[in-house]
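A.B. asks:
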Amino acid sequence: MATALQFPANVSTLNNYNDLYPDWTQREVSTGTTIMAVEFDGGVVIGADSRTTTGAYIANRVTDKLTPIHDRIFCCRSGSAADTQAIADAVTYQLGFHSIELDEAPLIQTAASLFRDMCYRYREELMAGIIVAGWDKRRGGQVYTVPVGGMMTRQPVSVGGSGSSYIYGYVDSNYKTGMTKEECLKFTAEALTLAMERDGSSGGVVRLAVISEQGVERQVILGNQLPKFSTV
Amino acid sequence: MNRHSFDSRVKGVSLGTTILAVKFAGGVIIGSDSRASMGGSYVSSKVINKLVQVHDRIFCCMSGSLADAQAITRAAKFQLAFHSIQMDEPPLVMAAASIMQELCYQHKEELSAGFITAGWDRKKGPQVYSVSMGGMLVSQPFTIGGSGSTYIYGYADAKYKPGMTREECQTFAVNALALAMGRDNVSGGVAHLAIISEKGEDMKEDADRALSQSRCVMGNSKAKE
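Here the protein sequences come in this chain order: H and V.
First residue of the first sequence: 47, per this note's numbering; consecutive thereafter.
First residue of the second sequence: 5, per this note's numbering; consecutive thereafter.
1) Run through the segment 67-127 of chain V for me and flag every whole alpha helix (DSSP H) of 4 or more residues, listed as ranges in chain order.
2) Hey, V/CYS64 and V/PHE119: beta-carbon distance below 8 Å or not?
3) Shortest alpha-carbon distance to V/THR21 belongs to which of V/SER69, V/ALA29, V/GLY167, V/ASP60?
4) Considering only C-alpha positions, which residue in the set V/ASP125, V/ALA184, V/ALA101, V/ILE103 is nearest to V/GLY30?
5) Classify H/ILE176 as helix, strand or coil using the three-state DSSP reduction.
6) So what's V/ALA160 in DSSP terms, helix, strand or just coil?
7) Where V/SER153 and H/ILE146 are concerned, what is the direct C-alpha to C-alpha distance, given to the nearest angstrom?
8) In terms of residues, what are the limits of the beta strand (DSSP E) holding V/LEU24?
9) Would the beta-carbon of V/LYS50 fall within 8 Å of that of V/GLY193?
10) List the endpoints of the continuous alpha helix (DSSP H) containing H/ILE133.
11) Going straight from the alpha carbon of V/SER67 to that of V/ALA122, what length do you get?
12) Given this structure, state the Cα-to-Cα distance separating H/ILE115 from H/GLU263, to the nearest angstrom.
13) Assign H/THR223 to one of three DSSP states: helix, strand, or coil.
14) Is the Cβ of V/ALA214 closer than 8 Å to any Cβ of chain H?
15) Using DSSP's beta-bridge definition, name the partner residues of H/ARG264.
16) Looking only at C-alpha atoms, which of H/VAL90, H/ALA157, H/ARG167, H/GLY175 sits nearest to H/GLY224?
17) Tell me, please, which residues DSSP counts as bridged to H/LEU272.
18) Going by CA-CA distance only, name the one from V/GLU202, V/SER201, V/LEU84, V/ALA182 that's closest to V/LEU24.
19) At a Cβ threshold of 8 Å, is V/TYR133 touching chain H?
20) Does the Cβ of V/TYR46 have 16 or more other Cβ atoms within 10 Å, making it buried, or fewer, making it exposed?
21) Could you compute how far the alpha carbon of H/TYR103 sits from the alpha carbon of V/MET168?
22) For H/VAL266, I'd like the list of residues in its chain whose CB is within less than 8 Å of its CB, leaving aside the five on either flank, ordered along the chain.
23) Could you pull the DSSP bridge partners for H/GLU85 from this structure?
24) To the nearest angstrom, report how far apart V/TYR133 and V/GLU171 are at their CA atoms.
25) What does H/ARG244 touch in chain V if you count any residue whose Cβ is under 8 Å from its own?
26) For a contact meaning CB atoms closer than 7 Å, what does V/THR154 contact in chain H?
27) With three or more C-beta pairs closer than 8 Å as the rule, is the segment 164-182 of chain H touching the segment 132-141 of chain H?
28) How close, in whole Å, do the beta carbons of V/ALA162 and V/VAL178 come, if the pair is a contact with beta carbons under 8 Å?
29) Indicate the three-state DSSP secondary structure (helix, strand or coil) for H/LEU153 in the structure shown.
30) Any beta carbon from chain H within less than 8 Å of V/GLY123's own beta carbon?
31) Name the one or two DSSP bridge partners that H/ILE230 has.
32) Counting only beta-carbon separations shorter than 8 Å, does V/ALA195 have a partner in chain H?
33) Return helix, strand or coil for V/MET168, following the three-state DSSP convention.
34) Measuring straight from C-alpha to C-alpha, what distance separates V/HIS8 and V/VAL190?
35) Quick one: does H/GLY215 have its CB under 8 Å from some CB of chain V?
36) Going by beta-carbon coordinates alone, are H/CYS121 and H/THR113 separated by less than 8 Å?
Set out below in structure tokens:
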């Protein structure tokens, strides 16, 4: 249900079409979304849209769904905004502690395993689809996907969120192994744009990040600068 | 958005499917997969033909409940033949699409089937119409439908350009179908295509030859099945 609001307790018994109490007071905040991550030789490119919805209301049109977990590990969040924020905070703490114990940078696989453990243990209560991506010294750029339910698998390219359904065909046909960083950025931006055009729960701007040995570079592509496709 | 993913609600055989139609200068290409499933886990037919010829130069492709779709197309074929005899000339594609729309809209409570109607007529040339499940009729240069279409919206938006040649449209149609079949578990089998132009239905071909000419990875792996 919606967060604490100054409405009378009987608000949930009113029907959905009552104009006195708008729809968004009765809806959970969700990052219906499109997220994506691609591995390249030397790092990963991650991207996400920027829309957070509460029912039909866009609660935040410039959301940052690319959340840092450690210096060179990010996660892309989709699903319930509250659930993914809580999980990300918990994993950030656990990973930070683990990194201090080891006295070295943590592995991406470790971060992904922590996400998986939490998402699987609490799978009945949670609604979270997360993509974990980053660079580490042992295996270079890696992308792990932890979808709803708590499975974890490594993939060279992964898409997630409600908008991802619409771009499976595009990603399947356009992904090639051995792409450069610039090609990955273009591929991610185009795929996210196509999904945002079709999915009502995705939109806003495209946020991108490149994670490599050198660190993290972030960029934003504003709405009017998104790639254009000739559509009907 | 035209979503026909009602497998669990449709009793009996359902056409979880991928269908599409593309217009090019001089004709249309209409295509579909060939799988009919029951409940999403049993394939009741691997080779069903969802392209129905309702008149010489007008085709419909079916999605949704197979029984409903077949009943509607049979009724539409009859009405269209009658109309064509009354007018003493080949029917307009719009006439065929309107007949489908009337049937879908008037009986929307009992039926669950959606269609793409495409063809050629002398008045407006090549046309593509989408008749959705509730009875909406919309004319577009190209359209995709069925449960598998969800996965190729991005691909279709990116790849479609107005003014493509016939060969480009054919590659586009085959690749889109192959990609959808690769991701949707209730679409599969072969890709049926029909190419309709002024000279009549040029060729009705099954996928193997077309897919082997495409450079789409999903298409090549499909050809091995």
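All residues carry an ideal CB built from backbone N, CA and C; glycine is no exception.
Computed from a predicted model, the values in this text were never measured in an experiment.
C.D. replies: Once the coordinates are examined:
1) Taking only runs of at least 4 residues, the alpha helix (DSSP H) segments lying wholly in the segment 67-127 of chain V are 70-91, 97-110.
2) Cβ distance < 8 Å, so V/CYS64 and V/PHE119 count as in contact.
3) Out of V/SER69, V/ALA29, V/GLY167, V/ASP60, V/SER69 has the C-alpha closest to the C-alpha of V/THR21.
4) In terms of CA proximity to V/GLY30, V/ASP125 leads the group V/ASP125, V/ALA184, V/ALA101, V/ILE103.
5) Secondary structure at H/ILE176: strand, using DSSP grouped into helix, strand and coil.
6) In the structure shown, V/ALA160 falls within a helical segment according to DSSP collapsed to helix, strand and coil.
7) C-alpha separation (whole angstroms): 49 Å.
8) For V/LEU24, the uninterrupted beta strand (DSSP E) run begins and ends at 23-28, by DSSP.
9) For the 8 Å CB-CB criterion, V/LYS50 and V/GLY193 form a contact.
10) From DSSP, the alpha helix (DSSP H) with H/ILE133 extends over 127-148.
11) Cα to Cα, V/SER67 sits roughly 14 Å from V/ALA122.
12) A direct Cα-Cα distance of roughly 15 Å separates H/ILE115 from H/GLU263.
13) Note: H/THR223 maps to coil in three-state DSSP.
14) Low confidence applies here, because V/ALA214 scores a pLDDT of 40, under 50, leaving its location unreliable; read the following figure in that light. So, not an interface residue.
15) For H/ARG264, which the question treats as bridged, DSSP gives the partners H/ALA255.
16) Of all alpha-carbon atoms in H/VAL90, H/ALA157, H/ARG167, H/GLY175, the one lying nearest the alpha-carbon of H/GLY224 is that of H/VAL90.
17) According to DSSP, H/LEU272 bridges with nothing at all.
18) If we check each option's Cα against that of V/LEU24, V/ALA182 comes out closest.
19) Cβ-Cβ to chain H under 8 Å: no for V/TYR133.
20) Counting of Cβ neighbours within 10 angstroms places V/TYR46 among the exposed residues, the total staying below 16.
21) When rounded, the distance between both Cα atoms is 39 Å.
22) For H/VAL266, same chain residues with a beta-carbon under 8 Å away, outside a window of 5 residues either side, are VAL251, VAL252, ARG253, LEU254 in chain order.
23) Per DSSP, H/VAL90.
24) Approximately 21 Å, taken between the alpha carbons.
25) Residues of chain V passing the Cβ test: MET5, TYR157, GLY158, ASP161.
26) The contact set of V/THR154 on chain H, defined by CB atoms closer than 7 Å, consists of SER211, TYR212 in chain order.
27) Three or more beta-carbon pairs separated by less than 8 Å link the segment 132-141 of chain H to the segment 164-182 of chain H, which places the two stretches in contact.
28) V/ALA162 to V/VAL178, Cβ: 16 Å. No contact.
29) The answer is coil: DSSP assigns H/LEU153 none of H, G, I, E or B.
30) By this cut-off, V/GLY123 is not an interface position.
31) Before going further, note that residue 230 of chain H is Cys rather than Ile in the sequence given. Its beta-bridge partners do not exist; DSSP assigns none.
32) So, not an interface residue.
33) Looking at V/MET168 - three-state DSSP - the assignment turns out to be coil, as it is neither helix nor strand.
34) Because the pLDDT at V/HIS8 is just 41, under 50, the model does not fix this residue reliably, and the value given afterwards should be weighed accordingly. So the two alpha carbons sit approximately 11 Å from each other.
35) Contacts with chain V at 8 Å (Cβ-Cβ) include H/GLY215.
36) Yes.
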